[in-house]
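**Q** Got a structure here, written out as structure tokens. Questions coming.
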Amino acid sequence: MVVSGAAVTALSVLLGGCVGGSEVPSPDPVGNGPSSPGSSDKGPEASRSYPRVPGVGDRMHARIPQAARQVVAVYGQGRDSARSTVALYTKDGDRFRRQFEWRGHNGRRGWTPDHREGDKRSPTGVFTLTDAGGVLPDPGSGLPYTQSESFTPPTYWPKKTRHDFDRVIAIDYNRVRGTSPLDPTRPRGQSKGGGIWLHVDHGSGTSGCVSISSAGMKRLLRTLDPDRRPVVVMGDRDTLRK
């Protein structure tokens, strides 16, 4: 659908995760719990047998819903690094097969299991992917897509960020699923931040979002399928391996 700019709250107020405002986890239990590097859960959830996403250990894998047949994996280079590798895996029989891979960026200060507004770190965890949008028209997205000029970054942002939100996918961290990425509702409160998106890369770290190339975003939007219950598993490599 298309939403007029006047109908949406100012982007600079809404986006904590992407642009330095606020971010908050979704009421969905998926991915909201902290992860403990170096430990291994051996409870019934962690010990269940199912296809595995490469580079993801028992603790984080236990958070991936069994119904999820598409997984976007964001492998952060390090806890304090802004560099990431982003890959899309699709469940095929008894394994997850990698379809695409891109270089990308995450929060400029790295990663955290306890994301807070303005900390410039991306939240680690597993989150559903249900809604998309952007300044540009829908490229053929499988996810509900909101086109609006209200995605346009403010003019006082650096010039290199002008196309960051040409196309975005909302990461369901402290947001209401089934709504436009522009929805400012933060179920867990403003202090936990919000506005965590997958969006177009500008060549350096973000304020909490994950970014990949423009071509990568278009391909991702065309490939993600709501019927396959897509999720993102994200964090620095050491945390993901736990």
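Quick note on numbering: the sequence shown equals residues 1 to 242 in UniProt numbering. All residues carry an ideal CB built from backbone N, CA and C; glycine is no exception.
1. Roughly how many whole angstroms lie between the Cα atoms of Asp-201 and Gln-66?
2. Along the chain, where does the beta strand (DSSP E) containing Ser-84 start, and where does it finish?
3. Give the straight-line distance between the Cα atoms of Pro-27 and Arg-188, rounded to the nearest whole angstrom.
4. Distance check for Asp-80 and Ser-214, CA to CA, integer angstroms please.
5. For chain B, check one thing: does any of its Cβ atoms lie closer than 9 Å to the Cβ of Leu-136?
6. Give the single residue among Ser-122, Arg-69, Pro-123 whose Cα lies nearest to the Cα of Gly-93.
7. Hey, how far is the Cα of Arg-116 from the Cα of Pro-123?
8. Going by C-alpha to C-alpha distance, which of Gly-235, Leu-221, Asp-164, Asp-238 sits closest to Asp-131?
9. Is it buried or exposed, residue 250, if we count other Cβ atoms within 10 angstroms and call 16 or more buried?
10. Look at Thr-90 and Arg-229 and say whether their C-beta atoms are less than 9 Å apart.
11. Give the single residue among Ala-87, Gly-76, Asp-58 whose Cα lies nearest to the Cα of Thr-223.
12. Which residues mark the beginning and the end of the alpha helix (DSSP H) in which Asp-238 is found?
13. Relative to the alpha-carbon of Lys-99, which residue among Arg-237, Asp-236, Gly-216, Met-234 has its alpha-carbon at the smallest distance?
14. Have a look at Asp-227 and Arg-63 and give me their C-alpha separation to the nearest angstrom.
15. Are the Cβ atoms of Ala-82 and Gly-205 separated by less than 9 Å?
**A** On the basis of the coordinates in this document:
1. 30 Å
2. 83–92
3. Since pLDDT at Pro-27 reaches only 34, below the 50 mark, its modelled position is unreliable, and the value read off the structure follows with that caveat. Cα to Cα, the separation comes out at about 7 Å.
4. 25 Å
5. Absence of chain B from the displayed structure is noted, only one protein chain being present.
6. Arg-69
7. 9 Å
8. Leu-221
9. With the chain represented from 1 up to 242, any question about residue 250 goes unanswered, as that position is not in the structure.
10. no
11. Ala-87
12. 237–240
13. Looking at the sequence provided, one finds Gln at residue 99 rather than Lys. Cα-wise, what sits closest to Gln-99 is Gly-216.
14. 19 Å
15. yes
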